[in-house]
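Engineer: In the working numbering, the protein residues as written are 40 to 225.
We put the CB at the ideal spot given by N, CA and C, even for glycine.
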């Protein structure tokens, strides 16, 4: 039987988990599966590749260095599956740094899009994917870190970012979360 897969992000006061919702129309029932470290890293990497493809060479020029480096780090983590996720904390932080570099290039993409046939819609979609990828990397870090108090600290950064950034675009909110993550997690 084929199931319709929809990705949903669920927020609780103390816990933010990415979940995949599998909807079985025959049973009219939904079940949730929490994404693990590998799934978060894999999805972030594939989204970065999708962004570069979506934008094409011309529009991707401003974001390409940051996304390429972040994707290389994520792919290296995926290749080293036998290593413990906790040993991947430094590459994950570096991937967050590179995602933030790419996210800061939104104005350049919009400026270039005026001359390209793909237009502003491609930039808007691409930067939503970059922001989502950034959140997935932060969540992967949270999954990988062994200390419970650090997990709670990361969760607080994520929750506070969504609450404080309520009036901003999602890209801006996730940029704030990424910066706060880098500034507060050692």
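Between which residues of its own chain and residue 213 is the CB-CB distance below 6 Å, once the five residues before and five after are set aside?
Structural biologist: 170, 173, 174, listed in sequence order.
Engineer: Please determine, among 128, 154, 165, 195, the residue with the shortest C-alpha to C-alpha distance to residue 112.
Structural biologist: The shortest Cα separation from residue 112 among 128, 154, 165, 195 belongs to 128.
Engineer: Assign residue 70 to one of two classes, buried (16 or more other C-beta atoms within 10 Å of its C-beta) or exposed (fewer than that).
Structural biologist: Any reading at residue 70 needs caution, since the residue's pLDDT is 39, under 50, leaving its predicted position unreliable; the model's value is listed next. Residue 70 should be labelled exposed.
Engineer: Quick one: residues in its chain with C-beta nearer than 7 Å to the C-beta of residue 124, no 5 flanking neighbours on either side, listed in chain order?
Structural biologist: Cβ neighbours of residue 124 beyond the five flanking positions: 76, 182, 183.
Engineer: Quick check on residue 123: does DSSP put it in helix, strand or coil?
Structural biologist: Three-state DSSP puts residue 123 in coil, outside helix and strand.
Engineer: Could you tell me if residue 138 is buried or exposed, where buried requires 16 or more neighbouring beta carbons within 10 angstroms of its beta carbon?
Structural biologist: Buried, since its Cβ has 16 or more Cβ neighbours within 10 Å.
Engineer: How about residue 165 and residue 93: are their beta carbons less than 7 Å apart?
Structural biologist: Against a cut-off of 7 Å, the Cβ pair of residue 93 and residue 165 comes out as a contact.
Engineer: In the DSSP assignment, find the unbroken alpha helix (DSSP H) run with residue 161 in it and report its ends.
Structural biologist: First-last of the alpha helix (DSSP H) with residue 161: 158–183.
Engineer: Between which two residues does the alpha helix (DSSP H) holding residue 145 run?
Structural biologist: Taken as a continuous stretch (DSSP letters only), the alpha helix (DSSP H) holding residue 145 covers 145–152.
Engineer: Taking a contact to mean a Cβ-Cβ separation below 7 Å, would you say residue 84 touches residue 114 in this structure?
Structural biologist: Cβ distance < 7 Å, so residue 84 and residue 114 count as in contact.
Engineer: Compute the distance between the beta-carbons of residue 106 and residue 180, then report whether it is under 7 Å.
Structural biologist: Going by C-beta atoms, residue 106 is not nearer than 7 Å to residue 180.
Engineer: For a test of the three-state rule: what should DSSP assign to residue 74, helix, strand or coil?
Structural biologist: It is coil, neither helix nor strand.
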